[in-house]
């Protein structure tokens with residue numbers, strides 16, 4: 001384990017073995033200030049002697065947008081939050097004493113956006129893309145053995161994003177110390193080109209840098225360990241002469257007997273310790289994680305993992321974490337993956353940008369497949385100030401950093417180079433840019449295919465799609481307008497394909513409107529969307545249509561649904577974002593959308609999306625069970641909708657839908673059978689269209705092969721009487737970063753959920769914990785997330801709590817509401833060293 005030993009106020013970076021330590025997180029005790037625009041920004045904020053005691057003190061990761069309030073005059077397409085503007089961060093740290101040839105770098109996992117970095121008043125570097133990980137060399141401006149001032153300026157222009165991007169140092173920042181003889185910033189590149197039951201060949205490629213004043217004879221020692229720490233292989237390379245100031249690539253091979261394969265059900269991870277040796281001196285040590293597995297995309301069967309056919313049961317995910325905004329948190333991301341895994345999801349498309357490194361670590365550890373995406377925009381802008389303005393200058397650096405950072409992750413199965421880029425027509429340099437990006441990707445990694453998410457039908461037939469190794473199609477189900485999946489298999493029969501973005505069904509958890517209008521836009525009312533899972537924007541369609549296409553064309557590798565979770569911004573169908581027009585080729589459809597935008601005016605309160613299968617707070621919508629019934633065929637599922645609290649609608653028609661992976665089901669209302677229905681070919685839900693509402697119990701029994709398979713019921717509840725609190729874990733670490741997620745339910749006197757209850761709730765944290773945020777999944781709620789009170793939405797609310805740093809003990813959440821019995825729940829917080 002690495003240690004940071006202090007000598008006075010100057011850190012000595014060493015490990016237990018005396019090898020220079022490579023990384024130290026810079027997360028605490030930053031100073032921050034924000035300005036609405038550059039006009040308000042004073043000069044000289046990078047100067048080391050600046051007085052910043054009146055700046056805000058905070059820890060990273062930090063998103064300045066979500067820390068504020070919702071603003072009525074800000075666009076809902078980016079969440080009605082103040083993520084734009086100029087932000088400054090300052091941090092002091094003691095400069096280490098460097099040996100000759102050593103360097104001190106700073107690594108930003110992400111900085112939103114256009115960061116400029118100063119050390120001690122000297123500009124040392126800059127970047128453009130807010131989602132990129134990058135390194136800046138601090139050495140030229142470093143004051144060794146003294147206090148140093150690191151200053152970072154960020155500039156988020158308005159109209160630079162189609163969704164909520166967040167603002168600030170929203171991912172981790174690290175100090176990285178490199179020895180005089182070392183590997184490049186990204187470490188070894190590890191591949192497993194040959195995998196068999198009895199043996200696996202592991203190839204390790206390393207770029208060695210020599211910054212000594214003379215040539216160096218360098219060897220590399222690679223030692224591979226199983227997950228339990230047992231050493232399974234080791235190799236020492238032959239010496240290679242690296243001239244001073246130069247670099248050389250060194251290759252090594254190790255064989256692992258009886259390898260444990262990385263897979264979805266058993267995501268086994270090996271580790272590799274790489275030591276840089278000059279004579280007997282270990283200059284630097286690197287730790288890398290990797291998995292042993294094979295992947296294969298085929299045009300006639302789909303995707304294979306370790307030689308077995310695997311259907312991609314995927315979702316697209318934007319980078320925000322709901323009430324936490326863009327600020328990455330490992331536990332929050334882990335919770336999202338746990339919920340998605342319960343649904344049966346096995347794959348994530350990172351829409352539409354490189355994810356936080358920690359999210360890929362989680363996918364490796366939890367067995368999720370990843371289509372890793374780089375850009376939403378190439379050179380042709382979608383919004384006035386988006387990445388298109390930076391593409392020509394920066395795309396090669398961004399792409400190389402992205403692939404080099406992520407290519408050791410076994411979860412990554414494809415490199416997606418763009419989403420719905422405007423160059424799909426092939427005009428304005430589209431073919432040239434696509435070919436260049438694919439070429440750059442292959443220069444960095446040939447073990448995974450290049451792909452892209454293409455929304456224009458013309459891309460299938462004009463040659464654009466064929467530039468990529470695998471074709472990813474957005475909204476090309478066979479029921480959609482041609483060209484579609486059928487066109488692909490006719491025109492490009494030898495190219496693998498998958499649904500890169502599908503369905504885009506919209507709904508609000510627990511909302512149902514009557515009479516049920518089955519038109520695609522028939523469920524929109526009062527800035528909510530009916531949860532019958534029938535409704536979608538003009539370019540999209542309900543999930544059943546994509547299921548039908550996937551079944552008709554089993555050669556498709558699977559689908560990635562838009563989206564797994566709701567996210568901040570893009571509140572379609574109430575999204576006043578004209579970039580939605582980019583989804584349309586048909587002029588009549590474009591005119592219809594423009595008319596809808598005009599109708600909405602400027603008053604739409606919606607600030608987050610309705611696309612999610614799971615709402616912004618992490619509560620499943622009805623659709624969750626539709627996907628679960630398809631993606632987990634051996635897990636009994638029976639789900640009935642709508643809820644059964646409809647006072648005042650007695651005797652009125654209330655259609656009932658059932659999601660089940662049984663092959664038939666019988667519906668009962670107050671013990672009386674309303675009929676037994678069997679699924680027909682390519683039917684994915686059972687519908688009783690003419691049920692007359694009466695209070696009581698609505699129950700369904702699903703059958704499989706004639707035997708009872710699953711059952712569920714909805715009961716008409718009484719009025720709200722009490723609160724119930726539950727939590728997602730029994731304890732959390734008192735490190736100031738770990739989180740617990742508390743679910744608050746509104747129950748009647750008999751303990752039944754009241755599905756339309758919306759009482760005002762107050763939250764209090766007692767003991768060794770801190771309130772972080774609250775949410776309820778309502779896309780129209782403007783209550784700031786950081787406020788310890790809010791209404792429930794359709795019977796539920798969420799509270800996020802963290803353990804106080806360095807204070808183990810017990811943290812208690814107490815929830816109160818006028819007229820209801822209060823509730824509280826405690827969680828243990830443990831020392832971070834345990």
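Numbering (UniProt numbering), first residue to last: 1 to 834. A virtual CB, placed ideally from N, CA and C, is assigned to each residue, including glycine. Note that the structure is a prediction, hence the values are computed from the model and not measured.
Spatial neighbours of residue i in its chain, beta-carbon cut-off 6 Å, leaving aside the 5 residues before and after
i           : result
residue 412 : 370, 372 and 406
residue 660 : 629, 637, 638 and 702
residue 226 : 232
residue 391 : 378 and 379
residue 105 : 135, 137 and 176
residue 334 : 362
residue 56  : 32
residue 9   : Residue confidence for residue 9 is low, a pLDDT of 32 falling below 50, so the modelled location carries little weight and cannot support an answer.
residue 743 : 726
DSSP bridge partner residues for residue i (one or two, in chain order)
i           : result
residue 703 : 664 and 708
residue 191 : 203
residue 272 : 224 and 288
residue 620 : 614
residue 231 : 225
residue 278 : 281
residue 502 : 561
residue 267 : 262
Inter-residue spacing [alpha-carbon to alpha-carbon] between residue i and residue j
i           : j           : result
residue 46  : residue 35  : 15 Å
residue 830 : residue 807 : 8 Å
residue 533 : residue 548 : 16 Å
residue 352 : residue 734 : 33 Å
residue 678 : residue 346 : 28 Å
residue 82  : residue 385 : 16 Å
residue 815 : residue 695 : 30 Å
residue 819 : residue 747 : 12 Å
residue 281 : residue 102 : 15 Å
residue 493 : residue 118 : 53 Å
residue 428 : residue 544 : 37 Å
residue 85  : residue 64  : 10 Å
residue 20  : residue 465 : With a pLDDT of 47 at residue 20, under the threshold of 50, the modelled position of this residue cannot be trusted; read the value that follows with caution. Roughly 48 Å separates the two Cα atoms.
residue 397 : residue 447 : 20 Å
residue 785 : residue 676 : 45 Å
residue 802 : residue 671 : 46 Å
residue 646 : residue 438 : 56 Å
residue 364 : residue 408 : 10 Å
residue 908 : residue 607 : Outside the shown range of the chain, which is 1 to 834, sits residue 908, and nothing can be said about it.
residue 59  : residue 133 : 19 Å
residue 290 : residue 113 : 31 Å
residue 487 : residue 458 : 10 Å
residue 171 : residue 654 : 47 Å
Where the alpha helix (DSSP H) containing residue i begins and where it ends
i           : result
residue 546 : 543 to 552
8 Å CB neighbourhood of residue i in its chain, flanking five on each side removed
i           : result
residue 301 : 309, 554 and 555
residue 146 : 94 and 95
residue 180 : 99, 100, 101, 102, 210, 211, 212 and 283
residue 821 : 721, 722 and 723
residue 253 : 201, 202, 203, 204 and 235
residue 665 : 638, 658, 676, 677, 686, 700, 701, 702 and 703
Limits of the unbroken beta strand (DSSP E) element including residue i
i           : result
residue 458 : Note, residue 458: premise wrong, no beta strand (DSSP E); alpha helix (DSSP H) at 458 to 461.
residue 485 : Run containing residue 485: none in the beta strand (DSSP E); it sits in the alpha helix (DSSP H), 485 to 491.
residue 747 : 739 to 747
residue 775 : 769 to 775
residue 824 : 823 to 830
residue 812 : 809 to 816
residue 107 : 103 to 108
Sequence-distant residues of its chain with Cβ nearer than 7 Å to residue i (five each side left out)
i           : result
residue 331 : 738 and 739
residue 525 : 513
residue 344 : 313, 627, 628, 631 and 632
residue 763 : 771, 774, 788, 789, 799, 813 and 815
residue 161 : 78, 383 and 386
residue 358 : 328, 330 and 333
Any non-hydrogen atom of the ligand SAM closer than 6 Å to residue i Cβ
i           : result
residue 667 : This structure simply doesn't include the ligand SAM, nor any ligand for that matter.
message: As an exercise, report each continuous alpha helix (DSSP H) stretch of at least 4 residues that is fully enclosed by the UniProt domain "Glycoside hydrolase family 2 catalytic" (300 to 455), in chain order.
response: Listed in chain order, they are 330 to 343, 357 to 366, 391 to 406 and 430 to 444.
- prompt: Fully enclosed by the stretch 624 to 662, which beta strand (DSSP E) runs are 3 residues long or longer?
  reply: For secondary structure counted as the beta strand (DSSP E) over 3 or more consecutive residues, the stretch 624 to 662 holds these complete runs in sequence order: 638 to 641 and 656 to 660.
- request: Could you tell me which uninterrupted alpha helix (DSSP H) segments, each at least 4 residues in length, are contained entirely in the stretch 112 to 180, listed from first to last along the chain?
  value: Under the rule that a run must span 4 or more residues, no alpha helix (DSSP H) segment is found entirely inside the stretch 112 to 180.
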